[in-house]
Each structure stands twice: as C-alpha cells, then as structure tokens.
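In my numbering, the protein residues as written are -7 to 527.
For glycine and all other residues, C-beta sits at the position ideal for the given N, C-alpha and C.
Single-structure report; data block below.
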C-alpha cells in the first residue's frame, strides 16, 4: 500500500502508512524496497540530496543479502532513469560512478548498457571505450553474451553501416573482446556481407482445379488444408467457394482470415478486406475477428517485452511495462463495433499480462470476462480459472486462492487436463516458495496453502481415475456384445446355427407333445373337436 501511494504521488498518505507499519514492526525501518521506493519518489521531485541520504542510510547498515542487493540495485536503476531525464550524459555517468564507488551499487548489465547504449547510438567510440574501461576496472566481468548483444544491437537498433561496424569492432578490440568472444570478428563480417538466400526448387503439379463440392464440403477441405499448413490452398478454396456462392460461413471466413494473415505476414490488409466485404454483405464476422485480435495481442506482448528488455525499462523494474491500457483500448473498440469478445481472447490477454508480470491486471481482465461472457461468475471457464490461479499465487493472495480451490470442485471442467495442469503448476510454485529463505510465518503460510491445493488436486485426480475406469468398463461391455454378435453372425453364415431349432425341439429342448385331439369338419361347415383314437 505504501508503494501504491507513492506511485499515486500521495507522499502524505505513504508517510502515514509507513509510520503505522513502524509501530507494528521496527523491521520496516530497514526494508530496502521501501527505502528505494521513497528514493524513487524523491527522484521524481528532483530532491537528489534526499535520494543520496536514503541510499547512504541503507549502505551504512552493513552487508546486504542477495535479495536485498537485487532490490537495492533495482531501486538505483529507477532513480538513474529519473536522473538522466534532467541531466547531461556526462553528469549521468558521474552519478553512476559515485554510487557504484561509494554506495556499493552493483555494476550489472543493466547499468553498463544504460550508458553504453547512449555512446553507441551517438557513435562516440572514444567515450564508449572509456566507459567500458571504467566498468572492467570496477569489477564488471564481460562475457560472450554481453559482447554479442552489443554487436547485434549496433546492426538492428543503432543502424550501423559497414564502416561504423568496423570502427566499433576496432574499439572493442582494445577491450580484448576476442578473448571473451572469439567469434566476434565472424559476427561483424556477417553483418557487413549481404545475405544471399538460395531458394529451393520445388516440383509443381498442374491439375485442373476442382470445385469444393466435388470433394466434400468447403469447410472440411479448408480445415484439412489448414491442418497441413497449406494456407494458399485454404485461401484459393475460399475464393472459389465465394465465386460459386458457397462462402461466408462463419468457420470458412475465420479460416480464410487466418490463411490470409499467414500468407501475407506481417500485413493484415487483405484479411481486413475479407472481413469488411463479409460484413458489408450482412454476414457474421465475430469468429473471423479472433485471428486479428490475437495478432494485436501478440504485438502488444512483443512491444512490452522489448520495453522490458531495454535498459531504461529494466532500470525502472517490471512495473514500468504496462500492457493493460493497450488491451483495454482493444477491447473497447471491439465492444463499440458490436462484437462479442471470445473467451480465448480474454485468456490470451491475461497471458500477455502474466508474461509481463502485471498480475493485478490479470484479475481485472478475468473480472471483465466474467461480466461479458460468464454472467458475473468469476470462475465460469477453465481459462479464467487457470489465469486466476496464476495471478493469486504470484501475488500470494491465499484467501482468494482457497476460495478458488473450494469452488473448482463443483465445476464441470474440474477433470479437464487444463484444470489439472493449473493445479499442478500451483503445487510446484508453492513448493519452491516454501523452500526459499524467508520468515517462518511466510513459510508456514506457503505450506498451509500447498496442503490445500494438493488436497484439491488429489480429489480431482481420484475422480478422473474413477471416471476413466467407468468408461473403460462401458467400452469393454460394448466390445464384448459386438464380438458376440459378430461370432453369432459367422456361425449362421457357415450353417452352424439354426434359429428355428427351438421351435422344432420345443422350448424346453424336448420334442413337442401333441394332445391327439383333432378338428373335424361337419356337414354344415362347422368343426368338432374329437379324439383321434375315437375317430
């Protein structure tokens, strides 16, 4: 709550909450994350003296644990990002040197690349050489991965040409790059030489095109080609079907849009035109919109991952990457256009937030999905259940997770593979969490939650096994009856079984006994029953 108040720029509320926390536990005064959160807020207000005093206070405590050192370094990265906005790069470099030399901030890849990227983009090779020399003298260990990432960035991100790449490599040779990365020269040469692609020869079979109705329904043929990855064939089948007046079923249109996106990747203009034409003709396009929306979500995740991997975002921490506003705009556009959002689209959006560690936003998406498609039932689908399991577990919201465990036992999807996989993931995560180095109270909480999830998984697994055994027994009975019927049919065809034998033998297996009474026709046409012997 303190960090949330600081992010909302409510320093007064944060101070009140911090005072209350100190009254409950004196350990709060030595919490590194809280100290760095206050330092970041001071940095946003350009109060650099207060920032330095907070770091000095943490530094004077003595050696930090591994987790505390990571939080300490991440906090400095966030402060550095604010400092660079209002200072020159020379001042920023001096700022980093002061904190690494005097306040025990670690020189990791994030800090080194933060300055190196600036020098690299500006083609300041001499300044880059001086900075790398300082880092190595300060204890930073260069690796092959570090050098390779720098060479790749100079081509893809910094836009280097052949001459500039050669100059950079010459500068890096002074830093003894080849001892850490022997393949460096080969990498640089490969960037200078244009790539020549050899296109393999393929045998093309020319045949008369068949109409879709000649080999089955249009949708079945398109689905078969899609399973084989023959997307051009899917598209051509759809086009022929449209010309023949067979297109524009919901499934056919969705496969056509997916095929268009595969064939024309990364452009989606043709796919959009297919949807627009279908919509103008009054056809349902809800399912056809799903591939386009999924592509938009993939792009949102790629942009977020790129921001997260960049030095500036990594210095600010994972919370700096927020994909939810873009996802929210995407959902708003779909609803304004009158489209119903598919359950899998909600699940994919939640997975994007999970991948970028935005756990609260995952819960928000699940709530929105329940409002749209689940009649406000939060765990209405197995996808929502899976996403909520991960979000609650990652945030250690064990009260909500316990409710989810009790709720799933009454769900129809409880025996599905996805549900059981989600439960197994929670068990694995809690086992690792309970083995971490932390307070005994937290470990006890993890173990208690672990026992609850394991009990739920045990019940679901047992029920699944019983259901399988019942189904196997039913199948065995059906197979036995079928085998008996086939065997009886074979004996009949071979003449070994006479269905009329029981009638000739009598139902009890003995010859039938006649009463000896016969009917005699009288002169008037009536019949009289008499004894054969008397007659």
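How big is the Cα-Cα spacing for residue i and residue j?
i           : j           : result
residue 314 : residue 320 : 11 Å
residue 38  : residue 392 : 40 Å
residue 64  : residue 175 : 35 Å
residue 120 : residue 166 : 11 Å
residue 425 : residue 385 : 10 Å
residue 161 : residue 295 : 29 Å
residue 132 : residue 178 : 25 Å
residue 253 : residue 316 : 25 Å
residue 144 : residue 101 : 15 Å
residue 29  : residue 334 : 39 Å
residue 377 : residue 104 : 42 Å
residue 92  : residue 219 : 56 Å
residue 362 : residue 390 : 21 Å
residue 172 : residue 182 : 19 Å
residue 194 : residue 228 : Residue placement at residue 194 is flagged as unreliable, the pLDDT there being 48, under the threshold of 50; the coordinate-derived value follows with that caveat. C-alpha separation (whole angstroms): 19 Å.
residue 180 : residue 154 : 9 Å
residue 88  : residue 353 : 34 Å
residue 49  : residue 72  : 18 Å
residue 475 : residue 460 : 22 Å
residue 74  : residue 33  : 10 Å
residue 326 : residue 230 : 25 Å
residue 545 : residue 111 : An answer regarding residue 545 cannot be provided, because it is not within the stretch -7 to 527 covered by the chain.
residue 142 : residue 159 : 13 Å
residue 200 : residue 455 : Note that residue 200 has pLDDT 42, beneath the 50 cutoff, so the model's placement of it is unreliable and no number is given.
residue 413 : residue 346 : 17 Å
residue 282 : residue 395 : 32 Å
residue 364 : residue 344 : 19 Å
residue 289 : residue 348 : 13 Å
residue 222 : residue 339 : 27 Å
residue 129 : residue 280 : 59 Å
residue 135 : residue 83  : 27 Å
residue 95  : residue 36  : 20 Å
residue 441 : residue 381 : 12 Å
residue 210 : residue 247 : 11 Å
Any Cβ of chain D within less than 7 Å of the Cβ of residue i?
i           : result
residue 151 : Annotation note: the requested chain D is absent from the structure, which comprises a single protein chain.
Could you pull the start and end residues of the alpha helix (DSSP H) that residue i belongs to?
i           : result
residue 395 : 390 to 400
residue 376 : 374 to 386
residue 48  : 40 to 51
residue 291 : 281 to 301
residue 228 : 223 to 235
residue 32  : 24 to 36
residue 217 : 210 to 219
Using the three-state DSSP reduction, which class does residue i fall into: helix, strand or coil?
i           : result
residue 78  : coil
residue 174 : coil
residue 4   : helix
residue 55  : coil
residue 69  : helix
residue 63  : helix
residue 192 : Since pLDDT at residue 192 reaches only 48, below the 50 mark, its modelled position is unreliable, and no value is offered.
residue 368 : coil
residue 278 : coil
residue 179 : helix
residue 471 : helix
residue 476 : helix
residue 9   : helix
Contact check, residue i vs residue j under 8 Å by CB: the rounded distance?
i           : j           : result
residue 164 : residue 139 : 7 Å
residue 351 : residue 387 : 5 Å
residue 419 : residue 400 : Not really, about 14 Å apart at Cβ, beyond 8 Å.
residue 375 : residue 323 : About 16 Å separates the two Cβ atoms, so there is no contact after all.
residue 452 : residue 480 : Contact doesn't hold; Cβ gap of about 43 Å is too wide.
residue 530 : residue 357 : This structure gives no information on residue 530, because the portion of the chain shown stretches from -7 to 527.
residue 31  : residue 53  : 15 Å between Cβ atoms; not a contact.
For a minimum of 4 consecutive residues, which ranges assigned as the alpha helix (DSSP H) are wholly contained in the segment 315 to 358? Listed in chain order, the complete alpha helix (DSSP H) runs (minimum 4 residues) inside the segment 315 to 358 are 316 to 328, 335 to 347.
Quick check for students: name the residue ranges of the alpha helix (DSSP H) that lie wholly in the segment 396 to 468, counting only runs of 4 or more. Counting only runs that start and end inside the segment 396 to 468, the alpha helix (DSSP H) elements of at least 4 residues fall at 409 to 426.
At 4 residues or longer, and completely inside the segment 82 to 167: list those alpha helix (DSSP H) runs for me, N to C. Contiguous alpha helix (DSSP H) elements confined to the segment 82 to 167 occur at 101 to 113, 117 to 129, 136 to 148, 154 to 165, taking only those with 4 or more residues.
Ranges of the beta strand (DSSP E) found wholly within the segment 243 to 275, counting only runs of at least 3: Listed in chain order, there is nothing to give.
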